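**Q** After the C-alpha cells below, expect a handful of questions from me.
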Amino acid sequence: MFAQIPLLPEQASTHASAVDSLLTFIVTVCGFFAVLIGVLLVTFAIRYRRRTANDLPKPVASSLKLELTWSLIPLAFMMVFFVWGVQLYFSWARPPDDVMEVHVVGRQWMWKMQHMGGQREINQLHVPVGRAVKLSMISEDVIHSFFVPAFRVHMDVLPGRYTTLWFQATKPGRYHLFCSQYCGTNHAKMIGEVIVMERDEYQTWLSQGVDGSPASEGRKLFMKLQCSTCHNSDSSARGPLLEGIFQNNVTLENGATVRIDETYLRESILYPDAKVVAGFKPIMPSYLGQVNEEEVLQLISFIKSLQHGQTPPRTENADPPLNPVLEKKKGKSP
Amino acid sequence: MAEHQGQVRTYGVIFVVLIALTGLTVWLGSIDLGEWHTPVGLAVAATKAVLIVLFFMHMLHGPRLTWAIAGTTLLFLAILLLLTLTDYLSRDWPTGRVRGEMETSSAQFFL
Amino acid sequence: MDTKSPPLAHHFATLKQQHETATLGMWMFLVTELMLFGGLFLAYTVYRVRNPAEFAIASKHLNIWFGGINTVVLLTSSLTMALGVYWAQTGKRNLLTVGLVLTALLGVTFLVIKGFEYYGDYVENLMPGLAFDDAEWHELGVRPERVKMFLIIYYMMTGIHALHLIIGIAIIGLLAFWAHRGHYTPAYYYPIEVGGLYWHFVDVIWVFLLPLLYLAGVRH
Amino acid sequence: MSTVIAEPSSRPAEPASKPVNYLNVQFGVRSWLLTTDHKRIAILYLISITVMFFLGSLAIVPVRLQLLKPDNDLLDADTYNKMFTMHGVVMVFFFIIPGIPAVLGNFLLPMMLGAKDLAFPKLNLLSWYVYLLGGAFSLYAMIAGGVDTGWTFYTPYSTRSSHTNVIPVGLGAFTAGFSSILTGLNFLVTTHKMRAPGLTWFRLPLFVWAMYATSIIILLGTPVVAVTILMLAIERIFQVGVFDPALGGDPLLFQHLFWFYSHPAVYIMILPAMGVVTEIVPCFSRKNIYGYKFIAFSSLAIALLGFLVWGHHMFVSGQSVYLGMIFSILSFLVAVPSAIKVFNWTATLYKGSVSFETPMLFAFGFIGLFTIGGLTGMFLATLGTDVHLHDTYFVIAHFHFIMVGGVVMAYMGGLHFWWPKMTGRMYSEFWGRIAAMLIFIGFILTFLPQFVVGHLGMPRRYFQYAPEFQVHNVMSTAGASILGVGYFLPLIYLIGSLAYGPKASSNPWKATGLEWQTPSPPPTENFPVTPVVTREPYRYSEEVPVGY
C-alpha cells in the first residue's frame, strides 16, 4: 500500500536537482536534531521517571558552556543553509545570457503565453529540453504565482510590473503548472501544463499555426494606432524616434536619466505623461484601456526589434492621435 | 513628581522657542535647499518634538523606564521604515532580472 | 465636593504606586499610537520616494496658512496644558481649571480651522471621490492617481490626528469639570498628568505632519 | 512535601464552611458582565474563546471533506474559499492570538506577581467587550455571506476583485487587535509596577517573562496592522490608490505592512505557549528549570528578532533579492532562542523525577511537535528551498505544527494544569490522558502527510487538485477526525468536572509558584496577605544546585 504513496516530486530542470541536494542536506541535519531531541526526551522520561511518590531530585545548575554549545552548533549549520540557499536563490533570480524568452500574461483564471516566434498558447507552455527559458510575466488583474513543482521554481506574477522566472528543462514530459498565489474563485482552476519536448519535436511544433511573432504583431499594432505619425525620423517629429533605443539611457524633461527597459516602455505607452523625454511636449495620449497587457508586450517586442531606418511609414490621411486633455483645453479656450 | 523652581518660566521659554521654530519651518519651506529640503524640515520638526517630550511631557526628569520605552519604540519604528525602504531602494540592483517599476534613486527622494 | 482623602484604588498599596502605574500606562499607550502613525509614515515615505513630483505639486496645493496657524494653536494648547499640570502639582485649583478649559478651547479652535481647511480643499477640487479633476493634473504634467494617493494619505493622517484631538478634547473637558469640582490635590493629580501626556503626544504628531504634508515641495 | 517560596504566606486553613472565593463571592449575570476581577474576566474570555475555537473548527470540516477526492464537488469554489478564510480569520484573530494571554495570562499573571489585580482592571474588562465587538463584526460577515480573501487579505485581490464582505471582517480583525493591545498594555504595566515585595525580575516565573515579551510585540506590532487594514478599507471603499498598481500603488507595500505585524503575531501565539510549558515541565520533573536566564532572555530575543524577519513571507513576491538575503539570515537568527528553549526543557528532565499527568503529556506533545515545526521552518527560511516550497501545503503543515501542535497543545496543557486553581475541581485524569494522546496522534496523522504533499507541489487554497495528491489528503482528513474527537473530549470532561469532579486542594501538583500558595479557587483579591518573596522560582528542593 505504501509503495503507492508518492513521496518525491519529479526532477525535470537543472534547478530541481540543485534544490533537491540542498533539501536533502537540510533534511539530514534537521532529522539528526529531531531524532536527538526525541531520543533525549524519551530516554530522560524513562530513566528519570518518578519511582516513589516523594522523590525529590537534587537541583541541577545550568552551565554556560552547554548553553553556548547548543546555541552555536545549530547556528553554524544554519549559516551553511543560508549560504547554500543564497547561491541557489541568486541562480534562480539571474537568468543566463543566452535564453529563449516567452511572454506570460496571467489573469483570473488563465495563463496566456506568447512565444517569440508568434505561437500563442493558453494554459500550456511548450519548451524544448536543454534550453534556458526566461518568462517575462505580468498580470492583468490581481497577484498570481507561476509555479512548476517539477522545476522547483516559483515566482509571483504582479499587476503593473514585470517579473521574470527562468528554468532549463532536463527531461521531456508534461509537468504541472499551478497558480500558487490565491487569486479568487477559480484559483484552483488556474492550472496548466508545461510540455517539455525534444528539440526536433519542438521545431515541428513551432512550425504549426504561427500567428506572427510578437514583434510583427507589434508592428501591425504600431501602424494601426498610427504611432509613426509622431514617432518618425522627421526633424519636426512630435515624438522621439524609437529606433535602436532599447537599453539606452535617455534624459527626461526634469533632468533625470532613465534606462529604456520594458518597464519604462510600458509606462510610456500607458502613462505617457509620467516620464517625458527632454525636448518633447507631453502630448501623447494614454493607451490605457486601448491595449491589453499582451498587446503592450507586443509593442515592446516591436520597439526592441526596431533598428535604424525601420520605422514603418506614416499612413496617409490619418489624423494623429491626440492627448485628450489638450483637446479639451483647446475646446475650452475661446 | 518633584517640583522645579521657575517651571513656569521654563515652559514660557520652550513655548517661545517652539513658535520660533514653527516660523522657521514655514520660512524654510519657501527656500530651495535642493535635496536638503525635507531633511531640514524634518530636523526642525524633530527638535520641536524633542523639546515637547523632554519638557512638557517631563521626560527630562522622568524615570529611566520612560527613556527605555521611547527608545524601544523609535528602534522598532526605524526597523519598519528602514527594512521596507531597503526593498524599494535595492529592488532594481542588478541581478539580471527585468527591472522593476521604480527607477528613482535614493537621492531623488530629497528633491 | 472637596475630597480630602484622594481615591486609592483597591488593588494598589500606595498613591505613589498608583500614580506611577497610570503614567507608565499612558506611555505604553503612546507607544501603540506612535506605531499606528508609523504605518502611515511608511506609506507616505514609500510613495514619496516613488512619486516625488506628484507629492511636491500636490503638497503645494494645500493651504500652508491653515497648517501654520494650526501649528501655533496646538503649540499654545500644549503650553496651557503643561501649565495646567504645574498648577495641579501646586494645588492652584482655579488656575488649573482655567488652564484645562483653555487647552480644550484651543483644541476646538484647531478643529474649526481644520474644518475650514477641508472645505477649502473641497472647493479647490482636492477631494478624490467628491471633488477631483484628473485633467487639471494632466495639464501640470503629473499623474492624477498619484496626486490622489498623496491626498488620501493627507486625509488619513490629518483625519486620524483630528480623531485623536476630538478624544483629547473630551478627556480634557472632563478633567476640567472635575478640577472645577475640586477633585485634584497635589497628592492626587495623576489624571491631569496622564491627560497631559496624551495631549502633548497629539501635538508631537502634528509637528511632523506640518513639514511632511504642507512642505513636501518648495513653495515660492 | 510543600515548598513555600513566600515566607509569610500563612497558608489559609480550609475551613469546613464554604470559603469565599472569586466564584461564589457574588452571583448573577450582572456580577459577571460588570466584573473587574481579572479571574472572572479570564473565565469570560475562556468561554468566548472556546466558542470561537469550535466555530473555527467547524469551518474547516467541510474543507477537509471536500479534499477527500481530487475533483470533489461537495462545495463549490466560492464556498470553499469562504470556509478556509473563516477558519483562518477566526482561529488566528479570535482564538490563537488572544488564547493563552487573555485566558491563562489574565488569570495567572497577577497571582504570579503577588498582586491583587491587573494594573487597570476596567481596561481589562473593556478589552473583553472590544473582543466581543470584533467577534460580532466577523460573525456578521460570516452570516451575511462570508469573505473569500484568505486571512491575509492580499491586495489588490481584496480591494479590487473580491465581491465579499472584506470590510466587516477587516473591521473585526482591526477591533480584535485593540482588544489585545489593551491586554498587552495591562500586562506590561502590571509586571513593572505591581510585583510583590521581594519579587525581583530574576525571581519571576518564566511564564511572566514570556507574557512580558508577548506584550511588547502586541504593543509594537498590532497598531501597524490596524492602520494597514484601515488603508485597505479606504482603497476598497473609495477606489483611491494605496496598494493597487492600477491606482498607482504597490501591492508589496501591503505585504510589508501586513507581515510586519503578522509575522511577530506568530510569536504572540507561541511565546505564551512556551511560557506555559516552562511552568509545566519543572513541576512534573520536580526540579528547577534548567537555564533560567537563558529561557528568560530568549523570550526577549524572540520578541526583538521576531520583528526583523517578516520578509521571509515574500521571498518570491518580487521584493528585492538583496533584502530577501537579509531577511533569510535574520530568520535563522530567530531560530536560535527557540532552540535554546527546547534544549533547556529537555535538560530539565535530566536527573529529575518525571511523572506523566495530563498537563505533562501535553507538554511532551508540545516539545515534540514544536521541534518538528521549528525544524521545518529551516526549509522555508532557506532562500533556495523556499523558492520551491513557498505557498504549498508544506507551509500549511509547518505553521500548523507551530500553531496547533505548539500553541494549542500548550494551551490545553496549561488549561489542565491550572484547571484545579481556576475552578477548584479536579478533572478525570484518565480521560485527560486519553484526550492528550488522541490529539497528539490525530495531529501527526493530519499534518505530517501535508509536508509530503506540499513538497510534491500541491499549492494551498486549492479546492480541487491533481489526483496524485489524493492519498495524502485522505490521510489528513482521517487524522483531522481523530483530532476533532480529541478536542471534543475535554469539553465534556472539563465541564463535567465542575459538577462531579473531586474538590481540588490549593496545590494539587505540589508546584512552587505563588499562584499555588492561595486557596483553589482563589479569593477575590488573590491572597489573604500580600506575599513577600525571598527566593527564586522552581525551588523544589532545599539543596543547592549541582553542576553536571
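Chains as they are written, first to last, in the working numbering: chain A, 1 to 334; chain B, 1 to 111; chain C, 1 to 220; chain D, 1 to 548. C-beta: ideal position from N, C-alpha, C; glycine also. The structure presented is a predicted model; accordingly, all values stated were derived computationally and were not measured.
#1: Out of curiosity, what's the CA-to-CA distance linking Gly331 of chain A and Asp71 of chain D?
#2: Apply the 10 Å Cβ neighbour rule to Glu101 of chain B and answer buried if 16 or more other Cβ atoms are within range, or exposed otherwise.
#3: In angstroms with no decimal places, state the Cα-to-Cα distance between Pro537 of chain D and Ile160 of chain C.
#4: Counting only Cβ pairs nearer than 8 Å, list the residues of chain C close to Val53 of chain B.
#5: Determine, for Leu138 of chain C, whether the minimum Cβ-Cβ distance to residues of chain A falls below 8 Å.
#6: By a C-beta neighbour count over all protein chains shown, 10 Å radius and 16 as the cutoff for buried, is Gln310 of chain A buried or exposed?
#7: Could you check whether Glu140 of chain A and Pro159 of chain A sit closer than 8 Å to each other, using their CB atoms as the reference points?
#8: Provide the residue span of the beta strand (DSSP E) that contains Pro128 of chain A, from first to last.
#9: Run through DSSP, which three-state label would Ala61 of chain A get?
#10: Since Ser13 of chain A sits in a beta bridge, which residues does DSSP pair it with?
#11: Cβ of Glu229 of chain C less than 8 Å from any chain D Cβ?
#12: Please name the residue in A:Ala274, A:Val80, A:Thr263, A:Leu135 whose C-alpha comes closest to that of Asn254 of chain A.
#13: Should Lys220 of chain A go down as buried or exposed, given a rule of 16 or more other Cβ atoms within 10 Å for buried?
#14: Taking the DSSP output, what are the residues bridged to Ala132 of chain A?
#15: Does DSSP put Ile552 of chain D in a helix, a strand or coil?
#16: Do we get a CB-CB distance below 8 Å when we pair Gly173 of chain C with the residues of chain D?
#17: Buried or exposed: where does Tyr290 of chain D fall if 16 or more other Cβ atoms within 10 Å of its Cβ makes it buried?
#18: Determine which residues of the stretch 279 to 296 of chain A have a Cβ less than 7 Å from any Cβ of chain C, and write them out in chain order.
#19: Taking C-beta to C-beta, are Leu18 of chain B and Leu51 of chain B nearer than 8 Å?
#20: Mind checking if Pro128 of chain A is an interface residue toward chain D, Cβ cutoff 8 Å exclusive?
#21: Quick check: what's the CA-CA separation for Phe137 of chain D versus Val166 of chain D?
#22: Using a Cβ cut-off of 7 Å, pull out every chain B residue sitting near Gly249 of chain D, in sequence order please.
#23: Using the C-alpha atoms, what's the distance from Cys183 of chain A back to Tyr465 of chain D?
#24: With a threshold of 16 other CB atoms inside 10 Å of the CB of Asn292 of chain A, please say whether the residue is buried or exposed.
#25: Among A:Ala150, A:Phe246, A:Gln208, A:Phe178, which one has its Cα closest to the Cα of Leu299 of chain A?
#26: According to a CB-to-CB cut-off of less than 9 Å, which residues of the stretch 379 to 399 of chain D neighbour chain A?
#27: Taking the runs of the alpha helix (DSSP H) that are 4 residues or longer, which of them lie wholly in the stretch 136 to 188 of chain C?
#28: Name, in chain order, the residues that DSSP records as bridge partners for Trp111 of chain A.
#29: Confirm, please, whether the CB-CB distance from His19 of chain C to Asp117 of chain D is below 8 Å.
#30: Does the Cβ of Glu35 of chain B have 16 or more other Cβ atoms within 10 Å, making it buried, or fewer, making it exposed?
#31: How many Å lie between Met426 of chain D and Asn344 of chain D at the Cα?
#32: Nearest by alpha-carbon distance to Val55 of chain B: which of C:Leu42, C:Leu34, C:Leu83 is it?
#33: DSSP state of Glu101 of chain A, grouped into three classes?
#34: Looking only at C-alpha atoms, which of C:Ile153, C:Met149, C:Met156, C:Met81 sits nearest to Gly173 of chain C?
#35: From Asp234 of chain A to Ile303 of chain A, what does the alpha carbon distance come to, in whole angstroms?
#36: If you measure from the beta carbon of Gly141 of chain C to each beta carbon in chain A, is any gap under 8 Å?
**A** Short version:
#1: Low confidence applies to Gly331 of chain A: its pLDDT is 39, below 50, so where it sits in the model is not reliable enough to give any reading.
#2: In this prediction, Glu101 of chain B has a pLDDT of 34, which is less than 50 and means its spatial position is unreliable; what the coordinates show is noted afterwards. Burial call: buried.
#3: 45 Å
#4: His200, Val204
#5: Here residue 138 of chain C turns out to be His, not Leu, going by the sequence shown. Cβ-Cβ to chain A under 8 Å: yes for His138 of chain C.
#6: exposed
#7: yes
#8: 124 to 128
#9: coil
#10: A:Ala169
#11: What the structure shows of chain C is the stretch from 1 to 220, and residue 229 of chain C is not part of that stretch, so it cannot be assessed.
#12: A:Ala274
#13: exposed
#14: A:Gln168
#15: Given that chain D is displayed from residue 1 to residue 548, the structure contains no residue 552 of chain D and the question cannot be resolved.
#16: no
#17: buried
#18: Pro282
#19: yes
#20: no
#21: 11 Å
#22: Simply none; closest approach about 11 Å.
#23: 16 Å
#24: exposed
#25: A:Phe246
#26: Phe379, Ala381, Thr382, Leu383, Gly384, Thr385, Asp386, Val387, His388, Leu389, His390, Asp391, Thr392
#27: 144 to 180
#28: A:Gly106
#29: no
#30: exposed
#31: 30 Å
#32: A small correction: the amino acid at residue 55 of chain B is Phe; Val does not occupy that position in the sequence shown. Residue C:Leu83 is the option with its Cα nearest to Phe55 of chain B.
#33: strand
#34: C:Met81
#35: 18 Å
#36: yes
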